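Student:
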């Protein structure tokens, strides 16, 4: 069967199928604002109940920790960092995909980002909020957390700025602030659209307050376009710096398994890897139930799977390098950590799960069939999230539990409080996400409309040329 | 107290963004000053049609970034070198490489604040009330309408402006009055 003109492969650089072509501005409004005005269905309430119950676990876990101290966690000597740091790094990593999608793809003028950036940025914000909880609680007395900031105190002491943990404080709080600003700036035109299409006076007042009086004036857009682009430009190196600094928490120490120069790029790639996987995990059900298939097309999902494949390969390369350097240095502690302890030690199960999820799973995306199959990519994305969690577990726990002196080795196992707090942050994330889906357009409407116009012009021009 | 009516605007809606940009340019060539366009997304060529000077946002961002840079370097140097020196294994008290991460983060943070507040300041936001919101039809400006506002002095006859706008393709024209911003 010969290929006809209609099925001929499209030029990959042409953004043809990013928005279903039958839409105009008015119908896009209806499609994209619909889920805000519509009363949430049974499914939403069921999910909300589920995430709220998980959030309850967080309340229980945190209250118990505050009342009894962090001795109720499984952390011990020698494993002083465990679930709290694992989950912290995991959540921060998940947050990174949002910024990458918004910022880097904007700078590279990748048109396909417009449909998913709002969604991904919201994910960033909520993930970073969850991440922040862990180091805060790990201080033991979180009500004194402000000691980490340089403020003129009666103690007459300043923070130690040569410590990676103080770098972390600055990196994470800057990241949260800039992500929130970026998200909000992107949201302003859509809040104005919500204000102007609201049906009751109350809705109009609330959305009007948040829209700050935006009226789409040419003078406003004139400043807005450049401001948005600059914020994107700032966020891009910010993402790289944040996870680089997080990796310094480990890399500047001398512990076998941590003391590696590959850590900064390898952590950044791992963050993108798990972040994109989380976007797939969330977007696949959301686009179905919110009716967003016209703007979040199969092409978007396929592109994200390609990013997962690429970053998965970088992560695999990171593992290879860790092992290679351990062998090449012939340092007996490094050799023990990488070739004996991790692969055959007490946590070997987690190690091999990590290899299966992070090294083997992404390779299925070499095949177009897997990249475009919804069930396959959804399962694979969940596997990647699990795999990246295992990676952080392996890095932290295996290195700490068995380092230089066998006399000071110890085994770590999490307690119910650890699990409560971890599952609780999943609940917090889910709750915030469901509220976001209910009250704010999940897709950047003004950007999709602009793209739609560009596509129309492009179509018109190409028809004219033929 | 009764609000003093200071000014009024003629608001015209156009069918497509291209017609709006075209009409704006022609009106400006005819000598109309202080016009503004309203659209749900940025218009291509809109800034040029309005004859706007380059935005000041990048300059404000640069100032913010430099402020952050200086603040961070000064803060770390003073705090850890002079006011509260910590000798850890004889390492240098003034260690610039160790200052890099926080200096970078604070530069980005201050630049981002510069961009955000610069955007709000230059656009004179937040401004929850503006006379153009009086027009019910104008509500489409944030969803699917393309509008042009032409200011004109109160008491003058608006019909000449309205006729010109209609000739340029306006589908509907309204006049709003209110306090000048």
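Residue numbers (the numbering used here), protein chains in the order written: chain A, 1 to 466; chain B, 1001 to 1181. Where a beta carbon is used, it is the ideal one built from N, C-alpha and C, also for glycine. Please read all numbers here as calculations on a predicted model, not as lab measurements.
Within the chosen definition, does the segment 110 to 118 of chain A reach the segment 134 to 145 of chain A through at least 3 CB pairs nearer than 8 Å?
Tutor: The segment 110 to 118 of chain A vs the segment 134 to 145 of chain A: no contact.
Student: Under 8 Å, do residue 26(A) and residue 1144(B) count as touching if we go by C-beta distance?
Tutor: Yes, the pair counts as a contact, with Cβ atoms nearer than the cut-off.
Student: Can you list the residues of chain B that residue 189(A) reaches, using a CB-CB cut of under 8 Å?
Tutor: Going along chain B in sequence order, the residues near residue 189(A) (Cβ under 8 Å) are 1040, 1041 and 1142.
Student: Any C-beta of chain B within less than 8 Å: which residues of the segment 214 to 233 of chain A qualify?
Tutor: Taking 8 Å as the Cβ-Cβ cut-off against chain B, the residues of the segment 214 to 233 of chain A that qualify are 214, 215, 216, 217, 218, 219, 220, 221, 222, 223, 224, 225, 226, 227, 230 and 231.
Student: Does any C-beta atom of chain B lie closer than 8 Å to the C-beta of residue 66(A)?
Tutor: Output row for residue 66(A): interface = no.
Student: Along the chain, where does the alpha helix (DSSP H) containing residue 1163(B) start, and where does it finish?
Tutor: Residue 1163(B) -> alpha helix (DSSP H) spans 1159 to 1167.
Student: Is the CB of residue 25(A) under 8 Å away from at least one CB in chain B?
Tutor: Residue 25(A) counts as touching chain B.
Student: Report all residues from its chain with a CB closer than 7 Å to the CB of residue 55(A); omit the five preceding and five following residues, and keep chain order.
Tutor: Result list for residue 55(A): 424, 427, 428 and 431, in chain order.
Student: What residue does the alpha helix (DSSP H) around residue 205(A) start on, and which one ends it?
Tutor: It spans 201 to 211 - the alpha helix (DSSP H) in which residue 205(A) sits, taken as one unbroken run.
Student: Report yes if the C-beta distance between residue 152(A) and residue 84(A) is below 8 Å; otherwise report no.
Tutor: No, the pair does not count as a contact, with Cβ atoms beyond the cut-off.
Student: Taking 8 Å as the limit between beta carbons, can you name the residues of its chain near residue 47(A), skipping five residues before and five after?
Tutor: If we look at residue 47(A) and ignore the five residues flanking it on each side, its Cβ neighbours are 430 and 434.
Student: Enumerate in chain order the residues of its own chain whose CB-to-CB distance from residue 447(A) is below 6 Å, with the five nearest sequence positions on each side excluded.
Tutor: Closer than 6 Å at the Cβ level, and outside the excluded window around residue 447(A), lie 114.
Student: Starting from the beta carbon of residue 1112(B), find every residue of chain A whose beta carbon is closer than 9 Å, and list them in chain order.
Tutor: In chain order: 174, 177, 178, 181, 182, 230, 231, 234, 235 and 238.
Student: Quick check on this structure: which residue in 1088(B), 1148(B), 1090(B) and 1176(B) has the alpha carbon closest to the alpha carbon of residue 1130(B)?
Tutor: With distances taken between Cα atoms, residue 1130(B) lies closest to 1176(B).
Student: Please check if any C-beta of chain B sits within less than 8 Å of the C-beta of residue 202(A).
Tutor: By this cut-off, residue 202(A) is not an interface position.
Student: Should residue 1128(B) be labelled buried (16 or more other beta-carbon atoms within 10 Å of its own) or exposed?
Tutor: With fewer than 16 other Cβ atoms within 10 Å, it is exposed.
Student: Using 8 Å as the Cβ pair cut-off and three pairs as the minimum, do the segment 228 to 237 of chain A and the segment 164 to 174 of chain A touch?
Tutor: The segment 228 to 237 of chain A, when compared against the segment 164 to 174 of chain A, does not touch it at the 8 Å Cβ threshold.
Student: For a test of the three-state rule: what should DSSP assign to residue 1076(B), helix, strand or coil?
Tutor: Residue 1076(B): helix per DSSP, three-state reduction.
Student: Along the beta strand (DSSP E) that carries residue 1036(B), what are the first and last residues, could you check?
Tutor: Run containing residue 1036(B): 1036 to 1038, per the beta strand (DSSP E) assignment.
Student: Below 8 Å on the Cβ atoms is my contact criterion, and I expect residue 282(A) with residue 365(A) to pass it. Report the Cβ-Cβ distance as a whole number of Å.
Tutor: Contact flag wrong, Cβ pair sits at about 18 Å.
Student: Just how far apart, CA to CA, sit residue 1121(B) and residue 422(A)?
Tutor: Cα to Cα, the separation comes out at about 42 Å.
Student: Pick helix, strand or coil for residue 1152(B), following the three-state DSSP scheme.
Tutor: Residue 1152(B): strand per DSSP, three-state reduction.
Student: Using the rule of at least 16 other Cβ atoms within 10 Å of the residue's Cβ for burial, across every protein chain shown, is residue 1159(B) buried or exposed?
Tutor: Exposed, because fewer than 16 other Cβ atoms sit within 10 Å of the Cβ of residue 1159(B).
Student: Would residue 98(A) count as contacting chain B if we go by Cβ distances under 8 Å?
Tutor: With 8 Å as the cut-off, residue 98(A) does not count as an interface residue toward chain B.
Student: What does a CB cutoff of less than 7 Å around residue 383(A) pick up in its chain, not counting 5 residues either side in sequence?
Tutor: So the list reads 357 and 361, once near-sequence residues are dropped.
Student: Hey, residue 241(A) and residue 1104(B) are a contact pair by Cβ (cut 8 Å); roughly how many whole angstroms apart?
Tutor: 6 Å between Cβ atoms; contact.
Student: Taking the alpha carbon of residue 93(A) as the point to measure from, which residue in 272(A), 204(A), 176(A) and 60(A) has its own alpha carbon closest?
Tutor: Answer by Cα proximity: 272(A).
Student: So, does the CB of residue 1126(B) fall closer than 8 Å to a CB anywhere in chain A?
Tutor: Answer yes: the Cβ-Cβ gap between residue 1126(B) and chain A drops below 8 Å somewhere.
Student: State whether the segment 251 to 269 of chain A contacts the segment 1079 to 1091 of chain B, with contact taken as three or more CB pairs (one from each stretch) at a distance under 8 Å.
Tutor: Too few Cβ pairs lie closer than 8 Å, so no.
Student: Any Cβ of chain B within less than 8 Å of the Cβ of residue 117(A)?
Tutor: So, not an interface residue.
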